[in-house]
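Protein chains in written order, with my numbering: chain S, 531 to 780; chain U, 726 to 916.
In structure tokens form, the structure reads like this:
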């Protein structure tokens with residue numbers, strides 16, 4: 531025993547086994563203190579180490595021979611096969627996921643143009659049937675051909691009048707109605723004139739909306755069509771970019 | 726079997742395995758399979774089937790990707806690191822499944838039992854120790870088993886657990902005290 535050369539491995543575990551706490555010298559006590567071990571802890575550790583020494587030799591745990599055979603077989607097959615097969619699965623999986631994403635993008639999700647139309651129809655249905663709207667609907671109807679009037683659901687061709695020369699559908703007409711009127715919901719006071727404003731109690735918020743002119747309506751139609759075209763172009767551009775990317779990857 | 730190959734160090738054998746030497750693989754398996762099996766058994770609730778599965782998984786890694794081992798390092802420390810990581814994964818799985826730790830059927834021994842002195846023997850202590858070990862958390866248990874069953878050095882254990890030697894020491898002290906406190910019936914072994 532070399533008290534001045536104690537380390538845990540070459541000394542501590544061995545002299546703990548041979549000495550009671552009372553038999554320890556100053557060096558050994560210092561080492562114990564530096565490890566934060568008091569007499570009680572020392573005794574417990576000593577007990578355990580001695581018990582471990584006297585413990586019956588453990589029976590060897592043997593793995594079955596079949597494991598070794600399997601492992602040698604795997605070793606003979608080599609490392610490459612497994613990796614290659616794994617790579618094929620990965621590439622196939624990624625390809626399928628990409629194809630599914632493209633299909634989803636092209637056929638399932640609504641495009642911006644279609645989305646706008648649906649929104650216009652929905653909002654149009656929500657418009658209260660107030661005088662300005664009635665006026666506008668009648669006005670639009672008056673400008674359509676008499677044959678088309680009865681086909682309420684089918685797209686209606688607008689007669690070539692003034693500057694408007696493009697076809698518009700009923701859906702878009704509805705959108706125009708909504709957009710032109712500005713539509714903060716209008717109180718049914720279409721007959722009210724400025725001089726009748728006193729009829730409302732003080733503090734009331736009264737909005738009087740004049741029916742928009744047909745010229746304004748046409749401008750709106752042009753704008754809507756322009757935006758739809760832009761969205762469509764964006765859509766096509768994005769799809770082309772995705773296809774380019776997939777071609778680059780593979 | 727080539728005699729020179731049989732005398733090679735673990736690291737030299739691994740280099741041969743990287744070069745696809747079947748004999749080297751067989752020798753390395755024979756050197757480590759029993760002690761790793763024992764380690765898995767102690768760590769994994771004495772579950773033989775699970776231990777064999779993990780042993781196979783570990784050597785399968787060596788067979789398929791031996792280049793994962795850095796031949797400049799100690800193979801023993803590396804292989805026990807892989808084994809310890811496999812055990813940790815099993816602990817996590819067991820935690821998710823709410824696995825009830827199965828303990829050994831060690832004889833229940835109490836200090837006041839009549840004839841206790843006669844009944845307590847080395848075998849009983851070993852069985853009880855394994856039982857107590859199952860209730861100790863993974864890093865402490867693994868440190869204890871590596872040190873006192875597999876006889877690894879503090880340095881090797883610190884490499885396996887990626888911690889300082891000081892931490893290994895304090896874990897050993899803690900585990901020794903904890904086990905001693907749970908096995909008071911074996912106090913007489915030291916007197």
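We treat Cβ as the ideally placed atom computed from N, Cα and C, and that holds for glycine.
Computed from a predicted structure; not experimentally measured.
- Its Cα nearest to that of residue 542 (chain S), the residue S:558 stands out among S:558, S:603 and S:552.
- Each of S:579, S:594 and S:624 was checked against the Cα of residue 908 (chain U), and the nearest Cα belongs to S:579.
- Near chain S, meaning a CB-to-CB distance below 7 angstroms, the residues of the stretch 777 to 799 of chain U are 777, 780, 781, 784, 785, 788, 789 and 790.
- For the 9 angstroms CB-CB criterion, residue 729 (chain U) and residue 752 (chain U) do not form a contact.
- Taking 9 angstroms as the CB threshold, residue 729 (chain U) stays off the interface with chain S.
- In terms of beta-carbon proximity, residue 883 (chain U) stays away from the interface with chain S, with every pair separated by 9 angstroms or more.
- Taking 8 angstroms as the cut-off between beta carbons, the residues of the stretch 850 to 867 of chain U near chain S are 850, 851 and 854, in sequence order.
- Neighbours of residue 904 (chain U) in chain S, taken as residues at a C-beta separation under 8 angstroms, are given in chain order as 578.
- By the rule that beta-carbons nearer than 9 angstroms mark a contact, residue 747 (chain U) touches chain S.
- The count of Cβ pairs closer than 8 angstroms, one atom from the stretch 852 to 868 of chain U and one from the stretch 888 to 907 of chain U, reaches three, so the stretches are in contact.
- For residue 801 (chain U), not one C-beta of chain S is nearer than 9 angstroms to its own C-beta.
- Rounded to the nearest angstrom, the Cβ distance from residue 884 (chain U) to residue 749 (chain U) is 23 angstroms, too far for a contact under 8 angstroms.
- Note that the C-beta distance between residue 608 (chain S) and residue 902 (chain U) is not below 9 angstroms.
- Counting only residues of its own chain and dropping the five nearest sequence neighbours on each side, residue 547 (chain S) has a CB closer than 8 angstroms to the CB of 576, 579, 580 and 583.
- Taken through DSSP and simplified to helix, strand or coil, residue 742 (chain U) comes out as helix.
- Check the Cα spacing between residue 774 (chain U) and each of U:880, U:785 and U:762: the tightest is with U:762.
- Looking at the backbone, the Cα of residue 817 (chain U) and that of residue 900 (chain U) are separated by about 21 angstroms.
- Chain U places no beta carbon closer than 9 angstroms to that of residue 556 (chain S), leaving this residue out of the contacts.
- For residue 763 (chain U), the enclosing alpha helix (DSSP H) stretches over residues 747 to 768.
- Residue range 863 to 873 is occupied by the alpha helix (DSSP H) that includes residue 869 (chain U).
- In this chain, residue 772 (chain U) is not harboured by any alpha helix (DSSP H), its DSSP state being neither H nor E.
- Neighbourhood of residue 769 (chain U) in chain S, by CB distance below 9 angstroms: empty, with the nearest CB roughly 11 angstroms away.
- Taking a Cβ-Cβ threshold of 7 angstroms, the residues of chain S close to residue 759 (chain U) are 590, 591 and 592, in chain order.
- Closest by C-alpha distance to residue 756 (chain U), out of U:736, U:770 and U:766, is U:736.
- Against chain S, the beta carbon of residue 873 (chain U) has neighbours under 8 angstroms at 582, listed in chain order.
- Contact between the stretch 590 to 609 of chain S and the stretch 784 to 794 of chain U is present: three or more C-beta pairs spanning the two stretches fall below 8 angstroms.
- Taking each of S:753, S:632, S:616 and S:550 in turn and checking the Cα distance to residue 774 (chain S), the smallest one comes out for S:632.
- Distance from residue 781 (chain U) to residue 601 (chain S) at the Cβ level is roughly 7 angstroms; contact confirmed, criterion being Cβ atoms closer than 8 angstroms.
- Between residue 874 (chain U) and residue 767 (chain U), the C-beta spacing is below 9 angstroms.
- Within the stretch 733 to 746 of chain U, the residues whose Cβ lies closer than 9 angstroms to some Cβ of chain S are 742 and 745, listed in chain order.
- Within chain U, the residues 847, 850, 851 and 854 have their CB atoms less than 8 angstroms from the CB of residue 585 (chain S), given in chain order.
- Taking a beta-carbon distance threshold of 9 angstroms, residue 575 (chain S) counts as an interface residue toward chain U.
- Identification of chain U residues near residue 567 (chain S) by a Cβ-Cβ cut-off of 7 angstroms yields 898, ordered along the chain.
- Counted as a single uninterrupted DSSP element, the alpha helix (DSSP H) harbouring residue 893 (chain U) occupies residues 890 to 907.
- Pairing residue 812 (chain U) with residue 779 (chain U) gives a Cβ-Cβ distance under 9 angstroms.
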